[in-house]
Amino acid sequence: MDTQIKGFADSMYEQSFVESAVSTRADTTSLLKQRTAKRTAKTPIRESEINGIVKFQVQHIERCLAARLESYERAYEETGKVPTEEELEEILAELKTIGDLQVKHSSSFIDNFLRARRAQVQSDPEQSLLEGCAEAHDRVLRTWKNWGEKIRIKEVAPAKIKAAAKPPAQTVAETQPIQDEAVPMEKQRSNRTLFAYYWCFFKRLGNECNRTWRGELAAALLTATGAYLLIHRVSAVAWTSFKSEGLSMVIAVWSIALWHVLRTPWLLHKEASSAGGGIRRVHWGHGLFGIVVLAGVLAGSGLYARKQLAKPIAPVMAAPYVEPKNSLRKRTLGLANDLNVFLGERWSKRPPGHGPDTLKYDQATLDLYMKFYKSRMVGILQELQDKGLDTGLLGAPSGAPSRFLLPDEIRQLRDLAYHLDEKGNVVKF
């Protein structure tokens, strides 16, 4: 055998062998983990678990045999060479050697595994492996034989083609009968025009509707009855109940008719693809009925679509505007309320008369006002003036910014807030 083919096949087989060994080890480990989870380590191994391990080894041997044969097939295919009879026999002998070797390795693995766990085995592992691999050996042998037969056929076919004599050239007189014979065959074929197809469609549609109309009408009546009973419990108006019942029945009939329209092309295709390849004959009256059914489906769909499109689209209602907490109007009213509470508390505790204590108390009140309210007052008055509102004495240089407000001036501040809307725009009365 060519060393290049041998090396290529060996590299492919080695990769497949490693993958199979890893898969077998993973399956065995998973089986042992399941056993550990269910029982303790002292629990003896059951016969079913031993059979499972044997099964994994049998699968490994089968994969090795198939991979060895496939590696040679791929090697010859990639190099473009054809194996000889001696090379085929050499490949078969190597397959047998690999099978025996893998059986010995798997048997040794099972024996060591059972000795380590002191398990008693009723049957011979090697015999079990040989029995399990019998089908794999036969399958690989059949594949090897088929491969050899294909090679022999490919070698024999070119020789037959070369040995065959060329057919004599046909003259015009000889080709004319062939054309004459082809004409009747063309006449025997059915004229599959567009009109003929749709006429078959209408006839089959009418035939299907005529065949199943009794059961479908009963289903529509049951649907209408159920709709009537459901609506009658909600609405006591008889006309509304009967109207809903009729609409439900019409929708049910329309749905069934639409189902037939969609199903009929599939039925025609199924008949054309059957063994006979023909379409059964249907009376022409069913074609007229099919046209009526299709027209009803299209008309119902059009009326429903027109009704839905004619409905006015409800305008999208914008969300109501929510005045922010820091709007100019709210800040102005808040300042007026805070000043009213502040001055009310201070005036309630003011000493009577006009003595030194009273003057000292008033100065303390002014200091508190300047500390906590002056900056707010100045900013708000400036914004009100920017809006075009007349702040009067509140905006004077010697007015509110330089002293605390009197009750009348607080009332004037509230009036200025009422001249603004929630968006800060000026409202003119």
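Its first residue numbered -14, the sequence shown is counted upward by one per residue in the numbering used here.
We put the CB at the ideal spot given by N, CA and C, even for glycine.
{"Item": "Whose C-beta lies closer than 6 Å to the C-beta of His45 among residues of the same chain, with five residues either side of it excluded?", "Value": "Ser5 and Thr9"}
{"Item": "Alpha carbon to alpha carbon, what distance is there between Lys334 and Lys408?", "Value": "39 Å"}
{"Item": "For a test of the three-state rule: what should DSSP assign to Val43, helix, strand or coil?", "Value": "helix"}
{"Item": "Applying the 10 Å Cβ sphere with the 16-neighbour rule, what's the burial state of Phe41?", "Value": "buried"}
{"Item": "Note down, one range per segment and in chain order, each alpha helix (DSSP H) of at least 4 residues found wholly within the region 319 to 392.", "Value": "341 to 357 and 359 to 371"}
{"Item": "Which stretch, first to last residue, makes up the alpha helix (DSSP H) that contains Glu79?", "Value": "Glu70 to Ala101"}
{"Item": "From this set, Gly37, Asp(-5) and Leu73, which residue's C-alpha is nearest Ala11's C-alpha?", "Value": "Gly37"}
{"Item": "Is it the case that the Cβ atoms of Cys49 and Ile95 are separated by a distance below 8 Å?", "Value": "no"}
{"Item": "Could you compute how far the alpha carbon of Lys135 sits from the alpha carbon of Ser15?", "Value": "42 Å"}
{"Item": "With which residues is Val411 paired in a DSSP beta bridge?", "Value": "Leu405"}
{"Item": "Considering only the alpha carbon of each residue, which of Asp406, Asn325 and Tyr57 lies closest to Val307?", "Value": "Asp406"}
{"Item": "Starting from Ser113, follow the alpha helix (DSSP H) in both directions and report where the run begins and ends.", "Value": "Pro110 to Gly117"}
{"Item": "Within the same chain, show all residues whose beta-carbon is closer than 6 Å to that of Ala60, passing over the 5 residues directly before and after it, in chain order.", "Value": "Ile(-10), Phe(-7) and Ala(-6)"}
{"Item": "Might you give, ordered along the chain, the residues of its own chain that have their beta carbon closer than 8 Å to the beta carbon of Lys89, omitting 5 neighbours on each side?", "Value": "Glu111"}
{"Item": "Mind checking Tyr403: buried by the 16 CB within 10 Å criterion, or exposed?", "Value": "exposed"}
{"Item": "Please classify Val278: does DSSP put it in a helix, a strand, or coil?", "Value": "helix"}
{"Item": "Within 10 angstroms of its Cβ, does Lys345 collect 16 or more other Cβ (buried), or is it exposed?", "Value": "exposed"}
{"Item": "How about Leu115 and Ser91: are their beta carbons less than 8 Å apart?", "Value": "no"}
{"Item": "I need the DSSP call for Val307, collapsed to helix, strand or coil.", "Value": "coil"}
{"Item": "Considering only residues of the same chain and omitting the five flanking positions on each side of Val267, which have a CB-CB separation below 7 Å?", "Value": "Lys188, Arg189 and Asn192"}
{"Item": "When the Cα of Leu320 is compared with those of Asp400, Tyr(-2) and Gly377, which residue comes out closest?", "Value": "Asp400"}
{"Item": "Determine the contact status of Gly373 and Val411, defining contact as a CB-CB distance below 8 Å.", "Value": "yes"}
{"Item": "If you draw a straight line from the alpha carbon of Pro336 to that of Thr317, how long is it in whole angstroms?", "Value": "30 Å"}
{"Item": "Report buried or exposed for Ser33, applying the criterion of at least 16 other Cβ atoms within 10 angstroms of its Cβ.", "Value": "exposed"}
{"Item": "Cβ atoms of Trp239 and Gly285: under 8 Å apart, would you say?", "Value": "yes"}
{"Item": "If you draw a straight line from the alpha carbon of Ile236 to that of Lys315, how long is it in whole angstroms?", "Value": "59 Å"}
{"Item": "Check this for me: beta carbons of Ser93 and Ala52, under 8 Å apart or not?", "Value": "no"}
{"Item": "State buried or exposed for Val278, treating a residue as buried only when at least 16 other CB atoms are found within 10 Å of its CB.", "Value": "buried"}
{"Item": "Which value, in whole angstroms, describes the spacing of the CA atoms of Gly65 and Arg137?", "Value": "15 Å"}
{"Item": "How many angstroms separate the CA atom of Val157 from the CA atom of Trp251?", "Value": "Per-residue confidence for Val157 stands at a pLDDT of 40, beneath the threshold of 50, marking its modelled position as unreliable; the derived number appears in the next sentence. Approximately 46 Å between the Cα atoms of the pair."}
{"Item": "Mind checking whether Ala121 and Glu47 have CB atoms under 8 Å apart?", "Value": "yes"}
{"Item": "DSSP three-state call for Asp(-5): helix, strand or coil?", "Value": "helix"}
{"Item": "Please return the same chain residues whose Cβ sits closer than 7 Å to the Cβ of Val43, not counting the five positions on each side in sequence.", "Value": "Leu114, Gly117 and Cys118"}
{"Item": "Please classify Gln0: does DSSP put it in a helix, a strand, or coil?", "Value": "helix"}
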